[in-house]
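>
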Amino acid sequence: MLMPSAKPLGELENPAEFIARHIGIDEADEAHMLSVVGSASRRALIDGIVPRSIARSSAMAIPTPVTEAAALKQLKAMAAKNQVLKSFIGQGYYGTLTPGVILRNILENPAWYTAYTPYQAEISQGRMEALINFQTMVCDLTGMPVANASMLDEATAAAEAMTLAKRSVKSKSHVFLVAGDCHPQTIEVIQTRAKPLGITVKLSTAATTLPMLMAEGDYFGVLAQYPATTGSIHDLRPLAGQAHVDGAALCVAADLLALTLLTPPGEWDADIVLGNTQRFGMPMGNGGPHAAYLACRDEFKRSLPGRLVGVSVDTHGQPTYRLALQTREQHIRREKATSNICTAQVLPAVIASMYAVYHGPQGLKRIAERVAAYTAIFVQGLKTLGYQITNTGAFDSVTVKTGDATNLIADRARLAGANLRFRLKNHLGVSLDETTSRKDIELLWSFFAQPGQTMPVVSAFEKGIESLIPADLRRSSDFMTHPVFNTHHSETGMLRYIRMLSDKDLALDRSMIPLGSCTMKLNATSEMIPITWPEFANIHPFAPHEQLQGYAELDKQLRDWLCQATGYAGISLQPNAGSQGEYAGLLVIKAWMEANGQGHRNICLIPSSAHGTNPASAQMAGLTVVVTACDAQGNVDMADLKAKCEQHSDRLACVMITYPSTHGVFETQVKELCALVHSHGGRVYVDGANMNALVGVAAPGEFGGDVSHLNLHKTFCIPHGGGGPGVGPVCVVADLVPFLPGHATAGLPVNGVGAISAAPLGNAAVLPISWMYCRMMGPEGLQQATEVAILSANYISARLKDHYPTLYASANGHVAHECILDLRPLKETSGVTAEDVAKRLMDYGFHAPTLSFPVPGTLMVEPTESETLAELERFIHAMIAIREEIRLVEKGTWPQDNNPLKHAPHTAASLLGADWDRPYSRETGAFPLATLKQVKYWPPVGRVDNVYGDRNLFCSCVPVSDYAT
Numbered sequence: 001m002l003m004p005s006a007k008p009l010g011e012l013e014n015p016a017e018f019i020a021r022h023i024g025i026d027e028a029d030e031a032h033m034l035s036v037v038g039s040a041s042r043r044a045l046i047d048g049i050v051p052r053s054i055a056r057s058s059a060m061a062i063p064t065p066v067t068e069a070a071a072l073k074q075l076k077a078m079a080a081k082n083q084v085l086k087s088f089i090g091q092g093y094y095g096t097l098t099p100g101v102i103l104r105n106i107l108e109n110p111a112w113y114t115a116y117t118p119y120q121a122e123i124s125q126g127r128m129e130a131l132i133n134f135q136t137m138v139c140d141l142t143g144m145p146v147a148n149a150s151m152l153d154e155a156t157a158a159a160e161a162m163t164l165a166k167r168s169v170k171s172k173s174h175v176f177l178v179a180g181d182c183h184p185q186t187i188e189v190i191q192t193r194a195k196p197l198g199i200t201v202k203l204s205t206a207a208t209t210l211p212m213l214m215a216e217g218d219y220f221g222v223l224a225q226y227p228a229t230t231g232s233i234h235d236l237r238p239l240a241g242q243a244h245v246d247g248a249a250l251c252v253a254a255d256l257l258a259l260t261l262l263t264p265p266g267e268w269d270a271d272i273v274l275g276n277t278q279r280f281g282m283p284m285g286n287g288g289p290h291a292a293y294l295a296c297r298d299e300f301k302r303s304l305p306g307r308l309v310g311v312s313v314d315t316h317g318q319p320t321y322r323l324a325l326q327t328r329e330q331h332i333r334r335e336k337a338t339s340n341i342c343t344a345q346v347l348p349a350v351i352a353s354m355y356a357v358y359h360g361p362q363g364l365k366r367i368a369e370r371v372a373a374y375t376a377i378f379v380q381g382l383k384t385l386g387y388q389i390t391n392t393g394a395f396d397s398v399t400v401k402t403g404d405a406t407n408l409i410a411d412r413a414r415l416a417g418a419n420l421r422f423r424l425k426n427h428l429g430v431s432l433d434e435t436t437s438r439k440d441i442e443l444l445w446s447f448f449a450q451p452g453q454t455m456p457v458v459s460a461f462e463k464g465i466e467s468l469i470p471a472d473l474r475r476s477s478d479f480m481t482h483p484v485f486n487t488h489h490s491e492t493g494m495l496r497y498i499r500m501l502s503d504k505d506l507a508l509d510r511s512m513i514p515l516g517s518c519t520m521k522l523n524a525t526s527e528m529i530p531i532t533w534p535e536f537a538n539i540h541p542f543a544p545h546e547q548l549q550g551y552a553e554l555d556k557q558l559r560d561w562l563c564q565a566t567g568y569a570g571i572s573l574q575p576n577a578g579s580q581g582e583y584a585g586l587l588v589i590k591a592w593m594e595a596n597g598q599g600h601r602n603i604c605l606i607p608s609s610a611h612g613t614n615p616a617s618a619q620m621a622g623l624t625v626v627v628t629a630c631d632a633q634g635n636v637d638m639a640d641l642k643a644k645c646e647q648h649s650d651r652l653a654c655v656m657i658t659y660p661s662t663h664g665v666f667e668t669q670v671k672e673l674c675a676l677v678h679s680h681g682g683r684v685y686v687d688g689a690n691m692n693a694l695v696g697v698a699a700p701g702e703f704g705g706d707v708s709h710l711n712l713h714k715t716f717c718i719p720h721g722g723g724g725p726g727v728g729p730v731c732v733v734a735d736l737v738p739f740l741p742g743h744a745t746a747g748l749p750v751n752g753v754g755a756i757s758a759a760p761l762g763n764a765a766v767l768p769i770s771w772m773y774c775r776m777m778g779p780e781g782l783q784q785a786t787e788v789a790i791l792s793a794n795y796i797s798a799r800l801k802d803h804y805p806t807l808y809a810s811a812n813g814h815v816a817h818e819c820i821l822d823l824r825p826l827k828e829t830s831g832v833t834a835e836d837v838a839k840r841l842m843d844y845g846f847h848a849p850t851l852s853f854p855v856p857g858t859l860m861v862e863p864t865e866s867e868t869l870a871e872l873e874r875f876i877h878a879m880i881a882i883r884e885e886i887r888l889v890e891k892g893t894w895p896q897d898n899n900p901l902k903h904a905p906h907t908a909a910s911l912l913g914a915d916w917d918r919p920y921s922r923e924t925g926a927f928p929l930a931t932l933k934q935v936k937y938w939p940p941v942g943r944v945d946n947v948y949g950d951r952n953l954f955c956s957c958v959p960v961s962d963y964a965t
């Protein structure tokens, strides 16, 4: 009897097991799909789509794949190289305790972290309720009337406050005053952002000396920290009055936890208040991600950058949430933009808001009072040890004059597992937080005590101690009085509230999200696991470099792998959003121009089809945007580009293109385009938004690009989190490497471009996700992912061509990784719009593709490589069924104004109502396909009235949810 042949050990060990888990298409599926698109093989398909002139000639030098378990083990060993010390550094980053019910059910829950930005309001009601809670929390704590739905970090929020003030006040000055005792990273980012806009930043020594600069009268805004980075609590009230006399704005960077005890800036007439919510449940994470906030007076709200969740009504008259369109994302103004912020930190903002919901106003105040009491006790003990405290008042931080003993005390602390902050020459800073215990206070005293000194003891203060907050700056007003902050304090209550909200939303854990240009690909669980490891989560971004060796190794390896994927020579991971990566790349180009005597070059050519962030970023970088034409196929019009290059040759700085194009096509003349721009002395910026169609098959750094940004929250699997966090690395060719962003606050050299983000490694805590993805996929897996994504897009295009024509395609009829379905003719024949189809897809259990971008009246579909053939077919069947419904309207069976598409989405309440005056059955409204009777997602609200919401802008808590009231 013949024994079966033994299998090779490598096959049994299966180190590439994850590739098949990430990619949803198997060999049989692939063969079927190729037959439909008319290609003999995947290789033949790719060769016919990607121009041979730009195809990679060699594979990426990235390690071969390992299993999920092996990758986690390797990353754990790397994480162990970080030293997790107890950090008393402060400077805007603090220890915090994430409630377990929030950690498990939000941060680690795909229902929350795989959600997309809430552009489709009807299927985003849960996360928008959480965001309106965030806005309400910020408004209440700051005393301001309006706040947005989060910013990227405190430093960039301060920079946005500066530009918001510039365009909102009467003063025509170009001078912005900044207190020298603001956080140093905030000052550095403000200086980076001010320079290209022609704004002069003047620093005072501290907030107390700001009046001397203000007395000169030449300024449009002023920024002070409350409490200051030193820990002092300055009386900033007189600054507001003087600023208003001078036609300027007062901006205040305020600590939200401190504002539970301090008089809020809104009560003393501040104009703009900003800060961070990190200490509301988000670990330090070596700097991010954390949700910053920005609040302002009511007169400024129409210019407020970022996203703003507002309240409107749906078609049934029920209150609903939606993004306030006219205040959402300044980049829609393109080259007239006053900000390029096009993302937020939604997931961290949700966590911060839930932290506030869970603790409530009394819980937050108790945490703050404990911190303030420990601070007062610590100060009293230091005084008995003979030390001088330089603070004026204190909440959580003190600056201690330590003289010649400074290094000795700091070294003693590090040996005992604690980090103190070096301040000035002979001072140390100590900041306490929610995690501080009695033992911590006594440990701190031990660092300062001299041999033989009697040590203070915390038990001596058992009866309590008066805080060091100045009496005339103590808060007397109530805050967070809405029922949502005073109801869900038990774990069962909180658990059910979180579940109730997530049930309202449609995220990637329920279905495919086929958003073109947004790349909603799988965020594998094994990739997500490391972000909560203490070795990554509990790290202060300004801890000594020797404590961050694990992060340094992670940074280097990931940058090396991304260089291999893009063909570039150097990369910075500091930008914490794609918009910031774009901005950083343009600053790099400007810095190189200036260093080479070409600083007069300021023209940026941008095709008319470009993402709105491109012209917005160019404007923020101080460049003049010149729009170039596109041809009928959506490609860059080379004749017009050539003419514009010649017209502006002596001033041409760069061209910004997206590749593959925004229209989902590989343009064949991209190398010629790059050569043309180079011949006129300009540089080529290749927007990396569509890098998921290039990895492994072509590299922008090889075919002529000089600079790109990547979206790690797209191509490299960091989840969208409902609209953030993100990471937007900036990638450059060799001669631009010296000009990548530095970070003086962190001791990193600055050679032309200063800090882009508050932290030197940006949103460092989510970088392990992309590391895991690359490590488990390897070079072949990454390339296969690209090719399968392209195959899937072409399959959908081919399957739907008889129902919805694809608007743009290459000469052989193929598309790249996404296809634009042209629905414009349907409006003429049926009155049905692309928006109607988008809303009807909700009844079928789908998030709509990208609506009306880049062409109004279209849907841009991007399936990603992670979807199975069954899921692709489910979407295709839904789209075909919707087309059949449209045909019934075209035939007159259903009126143009009374049909399932116009009434979509259908809520359970509307279908169960007593009256039904529609020409289609309730079953057709609810279950247009029989399969929906097995698994049905019910949209919680009907179609939202955006016009009503714009006319009645209301952006804080209302009792939309019966549960919340």
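For the sequence shown, counting from 1, position 633 maps to 633 in full-length UniProt numbering; every step adds exactly one.
Glycine included, C-beta positions come from ideal geometry on N, C-alpha and C.
Express the C-alpha separation of I531 and D181 in angstroms, rounding to a whole number.
The count along the sequence shown starts at 1 and reaches residue 181 at position 181. The count along the sequence shown starts at 1 and reaches residue 531 at position 531. The straight-line gap from Cα to Cα measures roughly 32 Å.
> Assuming Y358 and M494 make a contact with CB atoms under 8 Å, what is their CB distance in whole Å?
As a position in the sequence shown, residue 358 is number 358, starting the count at 1. As a position in the sequence shown, residue 494 is number 494, starting the count at 1. Between M494 and Y358 the Cβ distance is about 5 Å, and since that is below 8 Å, they are a contact.
> Secondary structure at D255, three-state DSSP: helix, strand or coil?
To locate residue 255, count along the sequence shown from 1; it is residue 255. The answer is coil: DSSP assigns D255 none of H, G, I, E or B.
> Excluding the 5 residues preceding and the 5 following R328 in the sequence, name in chain order all residues of the same chain whose CB lies nearer than 7 Å to its CB.
Locating residue 328 in the sequence shown gives position 328, counting from the first residue. Annotation note: pLDDT 47 at R328 (below 50); position unreliable, coordinate value reported separately. Same-chain partners within the cutoff: R307 and L308.
> In this structure, how does DSSP classify E746 when only helix, strand and coil are distinguished?
Along the sequence shown, one-based indexing puts residue 746 at 746. The amino acid at residue 746 is misidentified as Glu; the sequence shows Ala. In this structure, A746 counts as helix in the three-state DSSP scheme.
> Look up Y321 in the DSSP assignment and give the residues it is bridged to.
As a working mapping, residue 321 is identified with position 321 in the sequence shown. The partner list for Y321 (beta bridge, DSSP) reads V311.
> Going by alpha carbons, who is nearest to L912 out of D396, A926 and M78?
Position 912 of the sequence shown, counting from 1, holds the residue named residue 912. The option with the nearest alpha carbon to L912 is A926.
> Measure the C-alpha to C-alpha separation of E13 and D706 and round it to an integer number of angstroms.
Mapped onto the sequence shown, residue 13 falls at position 13. Mapped onto the sequence shown, residue 706 falls at position 706. Their backbone Cα atoms lie some 41 Å apart in a straight line.
> Write down the C-beta distance between T662 and A629 rounded to the nearest angstrom, noting that I regard them as a contact closer than 8 Å.
The sequence position of residue 662 within the sequence shown is 662, counting from 1. The sequence position of residue 629 within the sequence shown is 629, counting from 1. In fact, because the Cβ distance is near 14 Å, the residues do not count as touching under 8 Å.
> Which residues in the same chain as A416 place their Cβ atom closer than 8 Å to its Cβ, once the five residues preceding and following it in sequence are excluded?
By 1-based counting over the sequence shown, the position of residue 416 is 416. Taken in chain order, the residues that qualify are L443, S446 and F447.
> Using DSSP with H/G/I as helix, E/B as strand and the rest coil, what is S852?
As a working note, residue 852 is residue 852 in the sequence shown. Coil at S852, not helix or strand.
> My output table needs one value for M455: the three-state DSSP class, helix, strand or coil.
Looking up residue 455 in the sequence shown gives position 455. In this structure, M455 counts as coil in the three-state DSSP scheme.
> Any idea what DSSP makes of L262, helix, strand or coil?
Locating residue 262 in the sequence shown gives position 262, counting from the first residue. Reduced to three states, the DSSP call for L262 is strand.
> Tell me where the beta strand (DSSP E) around H680 begins and ends.
Along the sequence shown, one-based indexing puts residue 680 at 680. First-last for H680: undefined, no H or E at that position.
> Can you give the Cα-Cα distance for N596 and D735, rounded to whole angstroms?
Position 596 of the sequence shown holds residue 596. Position 735 of the sequence shown holds residue 735. Looking at the two C-alpha atoms, the distance is approximately 11 Å.
> Looking only at its chain, what residues have a beta carbon closer than 6 Å to the beta carbon of V138, apart from the 5 residues adjacent to it on each side?
As a working note, residue 138 is residue 138 in the sequence shown. The residues are A147, Y293 and A295.
> Please report how far the alpha carbon of A77 lies from the alpha carbon of Q547, in whole angstroms.
As a working mapping, residue 77 is identified with position 77 in the sequence shown. As a working mapping, residue 547 is identified with position 547 in the sequence shown. The alpha-carbon atoms of A77 and Q547 are separated by roughly 15 Å.
> Can you tell me which residues form a DSSP beta bridge with V670?
As a position in the sequence shown, residue 670 is number 670, starting the count at 1. None, per the DSSP bridge assignment.
> In this structure, does DSSP put H803 in helix, strand or coil?
Within the sequence shown, numbered from 1, the residue matching residue 803 stands at position 803. If DSSP states are grouped into helix, strand and coil, H803 belongs with coil.
> Of the residues G892, A149, N109 and L676, which one's Cα is nearest the Cα of I498?
By one-based count along the sequence shown, residue 498 stands at place 498. Ranking G892, A149, N109 and L676 by Cα distance to I498 puts N109 first.
> Given a cut-off of 9 Å, decide if N538 and V178 are closer than it, judged by their beta-carbon atoms.
Numbered from its first residue, the sequence shown carries residue 178 at position 178. Numbered from its first residue, the sequence shown carries residue 538 at position 538. Going by C-beta atoms, V178 is not nearer than 9 Å to N538.
> Whole angstroms is fine: what's the gap from G360's alpha carbon to H183's?
Counting from 1 along the sequence shown, the entry for residue 360 is found at position 360. Counting from 1 along the sequence shown, the entry for residue 183 is found at position 183. Rounded to the nearest angstrom, the two C-alpha atoms are 28 Å apart.
> Starting from D822, follow the beta strand (DSSP E) in both directions and report where the run begins and ends.
To locate residue 822, count along the sequence shown from 1; it is residue 822. That run of the beta strand (DSSP E) goes C819 to D822.
> R883 lies in the alpha helix (DSSP H); which residues open and close that run?
Within the sequence shown, the letter at position 883 stands for residue 883. R883 -> alpha helix (DSSP H) spans L869 to K891.
> Hey, out of E491, A6, V222 and W771, whose CA is closest to A248's CA?
As a first step, residue 248 must be located in the sequence shown, where it is residue number 248. Among E491, A6, V222 and W771, the Cα nearest to that of A248 belongs to V222.
> Which residues bound the alpha helix (DSSP H) around N946?
As a first step, residue 946 is located in the sequence shown; it is residue number 946 there, counting from the start. Counting along the chain, the alpha helix (DSSP H) containing N946 begins and ends at N946 to R951.
> Based on Cα-Cα distance, which residue from Q278, I880, V398 and G742 lies nearest to K801?
On the sequence shown, residue 801 is found 801 positions in, with the first residue counted as 1. The shortest C-alpha separation from K801 is found at I880.
> From P959 to Q120, what distance separates their C-alpha atoms?
Stepping through the sequence shown from its first residue, residue 959 is reached at position 959. Stepping through the sequence shown from its first residue, residue 120 is reached at position 120. Legend: pLDDT at P959 = 48, less than 50; position of this residue unreliable, value from coordinates given subsequently. Straight-line Cα distance between these residues: approximately 21 Å.
> Pair every Cβ in the stretch 824-837 with every Cβ in the stretch 478-490, then say whether three or more of these pairs are closer than 8 Å.
Contact fails: fewer than three Cβ-Cβ distances are below 8 Å.
> Please check if any C-beta of chain B sits within less than 9 Å of the C-beta of L364.
Looking for chain B here will not work: only one protein chain is present.
> Does DSSP put K202 in a helix, a strand or coil?
Mapped onto the sequence shown, residue 202 falls at position 202. Here K202 sits in strand by DSSP.
> Relative to the C-alpha of L767, which candidate in K714, L506 and S810 has its C-alpha closest?
Mapped onto the sequence shown, residue 767 falls at position 767. Comparing Cα positions, the closest option is K714.
> Indicate whether D396 and G90 have their beta-carbon atoms separated by less than 9 Å.
Here residue 396 refers to the residue found at position 396 when the sequence shown is read from its first residue. Here residue 90 refers to the residue found at position 90 when the sequence shown is read from its first residue. For D396 and G90, yes; Cβs fall inside 9 Å.
> Going by CA-CA distance only, name the one from L257, F220, Y219 and D269 that's closest to D235.
Stepping through the sequence shown from its first residue, residue 235 is reached at position 235. Ranking L257, F220, Y219 and D269 by Cα distance to D235 puts D269 first.
> Suppose you measure from the CA of C731 to the CA of M620; what does that come to, to the nearest Å?
If you number the sequence shown from 1, residue 731 lands on position 731. If you number the sequence shown from 1, residue 620 lands on position 620. Taking the straight line joining both Cα atoms gives about 19 Å.
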